[in-house]
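As structure tokens, the structure follows; a few thoughts come after it.
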Amino acid sequence: MTLKLCVLASGSSGNCTFIGTETTRILVDAGLSARKTAERLAQIGERIENIDAICVSHEHGDHITGIRVLQKSHGIPVYANAGTFEVIGGDIKGSRFITGSPFTIGNFSIHPFPVPHDANDPVGFVFSAGSRKVGIATDIGMVTNALRERLRKCDAVVIEANHDETLLHEADRPWSLKQRIRGNQGHLSNRAAAGLMAEIAGEGLQHLFLAHLSSDCNSPHHARTAFETLLAEAGHTHVTVRLTGADGVSELLILEG
Numbered sequence: 069m070t071l072k073l074c075v076l077a078s079g080s081s082g083n084c085t086f087i088g089t090e091t092t093r094i095l096v097d098a099g100l101s102a103r104k105t106a107e108r109l110a111q112i113g114e115r116i117e118n119i120d121a122i123c124v125s126h127e128h129g130d131h132i133t134g135i136r137v138l139q140k141s142h143g144i145p146v147y148a149n150a151g152t153f154e155v156i157g158g159d160i161k162g163s164r165f166i167t168g169s170p171f172t173i174g175n176f177s178i179h180p181f182p183v184p185h186d187a188n189d190p191v192g193f194v195f196s197a198g199s200r201k202v203g204i205a206t207d208i209g210m211v212t213n214a215l216r217e218r219l220r221k222c223d224a225v226v227i228e229a230n231h232d233e234t235l236l237h238e239a240d241r242p243w244s245l246k247q248r249i250r251g252n253q254g255h256l257s258n259r260a261a262a263g264l265m266a267e268i269a270g271e272g273l274q275h276l277f278l279a280h281l282s283s284d285c286n287s288p289h290h291a292r293t294a295f296e297t298l299l300a301e302a303g304h305t306h307v308t309v310r311l312t313g314a315d316g317v318s319e320l321l322i323l324e325g
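Once you know that position 53 of the sequence shown is 121 in my numbering, the rest is easy, because the numbers rise by one and skip nothing.
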């Protein structure tokens, strides 16, 4: 079995990740317009008409902007928990999952798990297909045991690396917004996320995608340096660190097995 993973877009302007096998193709979140989603999919050789489902992590606009048009134009079913469906509206058709309980789409087994963020029952996901596991968690206020345990033994992880703590402190942003970002329901710093990955990287992790980088409180250099430094200090130089962003697709990862 071949598993493909690509972050089509990541950041406060829109989040969308593609994960697929030969027979099942899924979007995690739909924070781009339908047109832009189709364009980004085409860049990795995929067609929007072949998408089987959209799995929604939470209801914030940068994760659901394109859902209605994607569903109306292409009939793509939405998978979300009751808390998310409650906010996004009853006109969205799909299936409800229960946070903490695995469900199946095609040849993927999907385990949604709780994450701390200021939304209505937000989740991360672990996708399993064949012998491969991929974790996706992009809006996280703090590292929890649930996050740590779910991401263990994943081959690849898409993880939030939202801000550099010094750049956030120095940013020209309201104090209240800075407090929200660094709070337990906000977003993970480079150091916190990198520390988590360094802790669990010895259990099969090979590939990291750094997601949701702030445009003014982070930089690709700050994010990559934080992760590569802590991974190296923990003896995990085998892990490949990839960047994601708002302006284009990430590198396409292909896993066999």
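Each residue gets a CB set at the ideal place from its N, CA and C atoms; glycine is no exception.
Beta-carbon proximity list for residue i, same chain, < 6 angstroms, skipping 5 on both sides
{"i": "G303", "result": "none"}
{"i": "T133", "result": "G99"}
{"i": "L278", "result": "A229, A291, L311"}
{"i": "L264", "result": "V211"}
Other residues of its chain near residue i: CB distance less than 7 angstroms, five sequence neighbours each side excluded
{"i": "I330", "result": "In the structure as shown, the chain starts at 69 and stops at 325, and residue 330 therefore has no counterpart that could be examined."}
{"i": "S199", "result": "G325"}
{"i": "G251", "result": "G209"}
Supposed close pair residue i, residue j - CB separation, criterion 8 angstroms
{"i": "G204", "j": "G192", "result": "Just to set this straight, residue 204 is Ile in the shown sequence, not Gly. Sure, about 6 angstroms apart at Cβ, within 8 angstroms."}
{"i": "G88", "j": "K72", "result": "5 angstroms"}
{"i": "E127", "j": "I160", "result": "10 angstroms between Cβ atoms; not a contact."}
{"i": "V146", "j": "A102", "result": "Actually they do not touch by this definition, with Cβ atoms about 13 angstroms apart."}
CA-to-CA distance, residue j to residue i, given in whole angstroms
{"i": "F171", "j": "A148", "result": "11 angstroms"}
{"i": "D93", "j": "L235", "result": "The question names Asp, yet the displayed sequence has Arg at residue 93. Between R93 and L235, the C-alpha separation is close to 37 angstroms."}
{"i": "D315", "j": "N175", "result": "31 angstroms"}
{"i": "G254", "j": "A266", "result": "21 angstroms"}
{"i": "A214", "j": "V194", "result": "12 angstroms"}
{"i": "F165", "j": "T305", "result": "37 angstroms"}
{"i": "V75", "j": "I135", "result": "17 angstroms"}
{"i": "H289", "j": "S318", "result": "16 angstroms"}
{"i": "E329", "j": "V202", "result": "Because the chain in this structure spans residues 69 to 325, residue 329 falls outside the shown range and cannot be described."}
{"i": "L298", "j": "E233", "result": "16 angstroms"}
{"i": "C123", "j": "E114", "result": "17 angstroms"}
{"i": "A77", "j": "G313", "result": "6 angstroms"}
{"i": "R241", "j": "S80", "result": "15 angstroms"}
{"i": "L109", "j": "Q247", "result": "36 angstroms"}
{"i": "L245", "j": "G143", "result": "37 angstroms"}
Within 8 angstroms, strictly: CB atoms of residue i and residue j
{"i": "D207", "j": "S125", "result": "yes"}
{"i": "H237", "j": "N286", "result": "no"}
{"i": "T70", "j": "I249", "result": "no"}
{"i": "T308", "j": "L256", "result": "no"}
{"i": "D120", "j": "I173", "result": "yes"}
{"i": "I116", "j": "T105", "result": "yes"}
{"i": "G168", "j": "P182", "result": "yes"}
{"i": "T91", "j": "V226", "result": "no"}
{"i": "G151", "j": "N188", "result": "yes"}
{"i": "A300", "j": "R259", "result": "no"}
{"i": "A224", "j": "Q274", "result": "yes"}
Sequence-distant residues of the same chain with beta carbon closer than 8 angstroms to residue i, five excluded per side
{"i": "S141", "result": "A102"}
Residue i Cβ short of 7 angstroms to the ligand SAH heavy atom set
{"i": "V309", "result": "Among the components of this structure there are no ligands whatsoever, and the ligand SAH is therefore not found."}
| message | Report the start-end ranges of each beta strand (DSSP E) in the segment 211-297 that is 3 residues or longer and not cut off at the edges. | response | 224-228, 275-279
| Contained beta strand (DSSP E) runs [length at least 3] in the segment 81-127, N- to C-terminal order | 84-88, 93-96, 121-123
| task | Entirely within the segment 134-159 and at least 4 residues each: give me those alpha helix (DSSP H) ranges in chain order. | result | 135-142, 150-156
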